[in-house]
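Asks:
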Amino acid sequence: MAEQSIMDRVTQEITDAMKARDKVRLRTLRGLRSALMNKTIEKREGGDAQLDDTEQLAVVRKQVKQRKDSIEQFEEAGRDDLVAKEQEELEVLKEFMPEPMSDEKLEETIDAIIEDVGASDMSDMGAVMGRAMGQLRGKVDGSRVQRVVKEKLG
């Protein structure tokens, strides 16, 4: 059986959260479903009706990033109550993220790209990053890739 799309999982999880009367989970999942629907509508205007898995994952990543940014801002403002709320929502959203690539696997991939590109110093960073992000998009956060590339070329 094919793996469920993120949208299908969210819809099922909303039903489960309603049955369990889990308000935080329900609120978070409804927000995620809304973001996915908005992206679908936006894409439909371009002629294509459905979001593929990569596009759905990009919506989840955006939601995760928004929660992390909010947590950071609320911590600076001393709003611990809102920090806790955002962290609860972040935990729910992380369930829809794929397992992160291990550091060893990331370094192996970057090493192969550096060798393939023939990079030797920081002046080649753009070429390495371009190839790396093309190959690793959706699997690894760009800041992690950048850090490893800098270590290898620096």
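Under the UniProt record's numbering, the first residue of the sequence shown is numbered 1, with each subsequent residue one higher. Don't be surprised by glycine CBs; every beta carbon is placed ideally from N, CA and C.
Suppose the cutoff is 7 Å on Cβ atoms and the five residues either side in sequence are ignored; what does the same chain contact list for M97 look like?
Replies: Cβ within range, chain order: V60 and V64.
Asks: Excluding the five sequence neighbours on either side, which residues of its own chain have a C-beta within less than 7 Å of the C-beta of L82, listed in chain order?
Replies: So the list reads F74, once near-sequence residues are dropped.
Asks: Please report the distance separating the alpha-carbon of T11 from that of E86.
Replies: 21 Å
Asks: Tell me the rounded alpha-carbon separation between I14 and S120.
Replies: 50 Å
Asks: Find out if the Cβ-Cβ distance for the pair V140, L106 is shorter than 7 Å.
Replies: yes
Asks: Can you tell which of G134, R67, D69 and G142 has the C-alpha that lies nearest to the C-alpha of P100?
Replies: G142
Asks: Residues in the same chain with beta-carbon distance under 6 Å from E88, minus the five sequence neighbours each way, listed in chain order, please.
Replies: Same-chain partners within the cutoff: V24.
Asks: What's the gap between the Cα of L26 and the Cα of R67?
Replies: 16 Å
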